[in-house]
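>
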Amino acid sequence: MANPLVLIGLGVYLAVMLGVGLYAGRRVRNSTDFIVAGQRLPLLLCTATLAATWFGGGICIGAASAAYKGGILAVIADPFGAALCLFIAGLFYVRLMRRMGLMTIASFFSRRFGPRAGLLASLCTIPAYVGWTGSLLVAFGRILQILTGIDPTVGICAAAAIVLIYTWAGGMWAVTLTDFVQVTILVLGLFILTPILLGDMGGWKALVAQIPSSRFDFYPRGDAASWLAYARDWLVIGLGNLAGQDLIQRSLSSRDEKVAYRSAYLAGLLYITVGLLPVFLGMAGAIILPDLADPDLVMMSLALKYLPDIALVLFMGALVSALLSSADSALLAPASVIGWDLLRYFKPDAEERSSLRVTRLSVLLLGALSLLLALRTASVYDLMVDSWSVLLASLFVPLTAGLWWSKSNGPGALASIGVGLCAWQVLRIIPVDLPADLLAVPFSALALIIVSLLTQKKAPPQPLIDAKGRPLDYKNRLGI
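For what it's worth, the working numbering labels the leading residue of the sequence shown as 46, then goes sequentially.
1) For Leu242 and Val139, what's the separation of their Cα atoms in angstroms?
2) CB Ala134 to CB Ala309, shorter than 9 Å?
3) Is the beta carbon of Tyr113 less than 9 Å from the beta carbon of Asp291?
4) What is the residue span of the alpha helix (DSSP H) that Gly285 lies within?
5) When you compare the CB positions of Val228 and Ala93, do they come within less than 9 Å of one another, or not?
6) Measure the C-alpha to C-alpha separation of Leu63 and Ile495 and round it to an integer number of angstroms.
7) If we ignore side chains and look at the alpha-carbon of each, how far apart do Leu165 and Cys467 end up?
8) Quick one, are the C-beta atoms of Ala184 and Ile106 less than 9 Å apart?
9) Between Leu192 and Phe360, what straight-line distance do the alpha-carbon atoms span, to the nearest angstrom?
10) For the region 407–494, which segments carrying the beta strand (DSSP E) assignment without a break, of at least 3 residues, lie completely within its bounds, in sequence order?
11) Could you give the residue range of the alpha helix (DSSP H) that holds Gln255?
12) Is the beta carbon of Ala492 within less than 8 Å of some heavy atom of the ligand GDP?
13) Since Pro265 contacts Leu118 with CB under 8 Å, what's their CB separation in whole angstroms?
14) I need the boundaries of the alpha helix (DSSP H) containing Ser259, first residue and last residue.
15) Please say whether Cys91 and Thr221 have beta carbons closer to each other than 9 Å?
16) For the alpha helix (DSSP H) holding Asp224, just list the boundary residues, first then last.
17) Is the number of C-beta pairs between the region 387–406 and the region 74–92 that are closer than 8 Å three or more?
18) For Leu55, name the three-state secondary structure that DSSP assigns.
19) When DSSP labels each residue in this structure, what does Leu181 get in the three-state scheme?
20) Go to Tyr306, then tell me how far its alpha helix (DSSP H) extends in each direction, as first and last residue.
21) Does the distance from the C-beta atom of Trp469 to that of Ala490 stay below 9 Å?
22) Can you find a CB in chain B that lies within less than 9 Å of the CB of Ala112?
23) Using alpha carbons as the reference points, say which of Gly384, Phe154, Gly457, Val199 lies closest to Leu420.
24) Look at the alpha carbon of Asp278 and the alpha carbon of Val382, and state the distance between them as a whole number of angstroms.
25) Please go through the region 127–177 and give each complete alpha helix (DSSP H) segment of 4 or more residues, from N-terminal end onward.
26) In the structure shown, what three-state DSSP assignment does Ser374 receive?
27) If you follow the alpha helix (DSSP H) that Asp78 is part of, which residue opens it and which one closes it?
28) Hey, Gly216 and Leu377 are a contact pair by Cβ (cut 8 Å); roughly how many whole angstroms apart?
29) Beta-carbon within less than 6 Å of Val324's beta-carbon, same chain only, minus the 5 sequence neighbours each way: which residues are those?
30) Measure the CB-CB distance between Thr239 and Leu326 and report whether it falls below 9 Å.
31) With Ile317 and Pro124 assumed to form a contact (beta carbons below 8 Å), what rounded beta-carbon distance in angstroms separates them?
32) Alpha carbons only, please: which of Arg295, Ala348, Gly465, Leu459 is nearest the one belonging to Trp530?
33) Compute the distance between the beta-carbons of Ser415 and Thr149, then report whether it is under 9 Å.
34) Return helix, strand or coil for Pro379, following the three-state DSSP convention.
35) Strictly by DSSP, which residues pair up with Pro506?
36) On a Cα-Cα basis, can you pick out the residue from Asn454, Asp511, Ile510 that is closest to Leu499?
So, in structure tokens, the structure goes:
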């Protein structure tokens with residue numbers, strides 16, 4: 046039977062999120078406001094929305110589940126690889142990209158390598174985020190079912206409706222303000238509840254004594270294949286998401302380039318700190334609940350076993366915050382690419398009002414598609430397969446070269462994207478357990494170098510320029 050207190054708490058929480066999102070909609074006057082919050086986000090809000098975007102089902106469900114089954118080595122990709130991505134972005138990427146005055150990641154490819162590269166970057170970006178949004182809705186439905194007994198379809202539809210409404214109304218402003226509230230609830234909730242749970246379970250020291258020492262291994266002790274898989278875990282998000290619209294969009298929304306790189310560092314620190322809490326709970330859960338049928342539910346099972354009603358409401362708020370803060374970002378990211386980049390590819394003279402209208406319409410259409418996917422699957426993770434792999438295999442190399450190698454050009458970027466995707470798919474079907482996405486990177490890099498050098502005269506490299514078409518100042522490129 047549904048817990049009335051939990052239901053009331055959930056209703057109040059969702060109502061507050063909807064109210065904050067609708068209030069943020071008052072700030073939207075044009076596409077710049079909707080897509081990058083007018084490029085006015087201060088350090089606190091920029092840090093909060095960066096961290097909140099990644100605190101989703103991947104960390105609160107996936108990392109806890111992986112730690113339950115395999116310990117620290119099973120969670121290298123997230124949170125460790127994800128935090129690495131934020132640090133690398135802050136040091137090498139976001140300062141120059143913010144200086145360019147971009148609106149989206151695809152805009153970089155269009156401006157640096159030409160419209161066809163921008164089109165390919167858009168087409169690589171959109172599908173991953175639709176699947177990610179759907180997976181988050183599935184996770185929301187499952188959490189609601191466990192905590193309240195409500196049919197997961199109801200939870201999926203409710204979450205979709207709330208996220209759709211406030212993202213459609215306020216765009217990046219709504220996402221940022223709701224993310225700030227959500228990450229605050231998440232951090233407070235996990236820091237308050239983790240000691241309570243561990244205390245009720247006998248204390249961390251007592252639990253550590255029962256956990257096999259191998260569960261704390263931070264690196265593999267096997268053959269070359271295990272080290273290759275280990276490298277893949279670090280880099281699939283650590284490098285792959287550097288070309289992610291969700292990450293870059295927040296940096297482009299910052300007030301200036303200093304806020305852009307400083308917020309990436311702060312978000313990385315926050316993410317690794319808070320992200321380890323579900324990992325510890327998952328490892329503890331393996332001792333307390335060794336026969337759990339579905340490890341994805343380890344955190345909810347621990348909460349239901351040990352927390353009183355008031356604490357359970359706070360815990361639920363933390364989980365819901367994690368999921369919604371990622372879902373709104375995953376929804377806005379591809380909608381921004383459609384409304385800004387794809388529209389201008391097919392209609393270069395598109396007016397500002399048309400761009401805003403198409404972006405908002407894309408939020409609704411992509412949300413409906415994500416909802417349809419969520420209602421057709423029972424797995425949180427089936428929808429997330431290859432989300433970051435496609436970005437690592439296709440966009441990471443040309444993005445990096447576009448910023449740091451002046452001889453990279455349009456044909457080289459097109460070849461890099463195409464060869465990277467093909468190599469990834471071919472390596473996936475080889476009957477050997479290899480990290481196809483990681484091994485596709487050198488093929489992508491080789492294609493970019495060879496084709497760029499062979500076509501220097503035919504297609505001279507385009508220099509980096511700012512929003513007004515002026516050559517970019519390369520001084521102080523690093524985030525230091």
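The beta-carbon is built from N, C-alpha and C at its ideal position, and this holds for glycine as well.
In short:
1) Their backbone Cα atoms lie some 39 Å apart in a straight line.
2) Taking 9 Å as the Cβ cut-off, Ala134 and Ala309 qualify as a contacting pair.
3) Cβ atoms of Tyr113 and Asp291: not closer than 9 Å.
4) From DSSP, Gly285 is part of no alpha helix (DSSP H); its letter is neither H nor E.
5) Taking 9 Å as the Cβ cut-off, Val228 and Ala93 qualify as a contacting pair.
6) Taking the Cα positions, Leu63 is about 51 Å away from Ile495.
7) In a straight line, the C-alpha of Leu165 is about 14 Å away from that of Cys467.
8) Yes, the Cβ-Cβ distance between Ala184 and Ile106 is below 9 Å.
9) The straight-line gap from Cα to Cα measures roughly 10 Å.
10) Within the region 407–494, no complete beta strand (DSSP E) run reaches 3 residues.
11) According to the DSSP assignment, Gln255 belongs to the alpha helix (DSSP H) that extends over 249–255.
12) Although the ligand GDP was asked about, the structure shown includes no ligands whatsoever.
13) By a beta-carbon distance limit of 8 Å, Pro265 contacts Leu118. Their separation comes to about 7 Å.
14) Counting along the chain, Ser259 falls outside any alpha helix (DSSP H), and DSSP gives it neither H nor E.
15) For Thr221 and Cys91, yes; Cβs fall inside 9 Å.
16) If you look at Asp224, you'll find it in the alpha helix (DSSP H) that goes 197–245.
17) Touching, per the Cβ criterion.
18) Looking at Leu55 - three-state DSSP - the assignment turns out to be helix.
19) Under the three-state reduction of DSSP, Leu181 is assigned to helix.
20) Residues 302–333.
21) Not a contact, by the Cβ cut-off of 9 Å.
22) No chain B appears in this structure, which consists of one protein chain only.
23) For the residues Gly384, Phe154, Gly457, Val199, the minimum Cα distance to Leu420 belongs to Val199.
24) About 28 Å.
25) Fully enclosed alpha helix (DSSP H) runs of 4 or longer: 127–133, 139–144, 150–158.
26) Helix, per DSSP.
27) Counted as a single uninterrupted DSSP element, the alpha helix (DSSP H) harbouring Asp78 occupies residues 76–81.
28) About 6 Å separates the Cβ atoms of Gly216 and Leu377, confirming a contact at the 8 Å cut-off.
29) So the qualifying residues of the chain are Ala108, Ala112, Val120.
30) Result yes, Cβ atoms of Thr239 and Leu326 sit closer than 9 Å.
31) In this structure Ile317 is in contact with Pro124, their Cβ atoms being roughly 5 Å apart against a cut-off of 8 Å.
32) This structure cannot speak to residue 530, because the chain is shown only from 46 to 525.
33) With a cutoff of 9 Å on beta-carbon distance, Ser415 and Thr149 are scored as not near each other.
34) Looking at Pro379 - three-state DSSP - the assignment turns out to be helix.
35) The secondary-structure analysis by DSSP pairs Pro506 with nothing; it has no beta-bridge partner.
36) Among Asn454, Asp511, Ile510, the Cα nearest to that of Leu499 is on Asn454.
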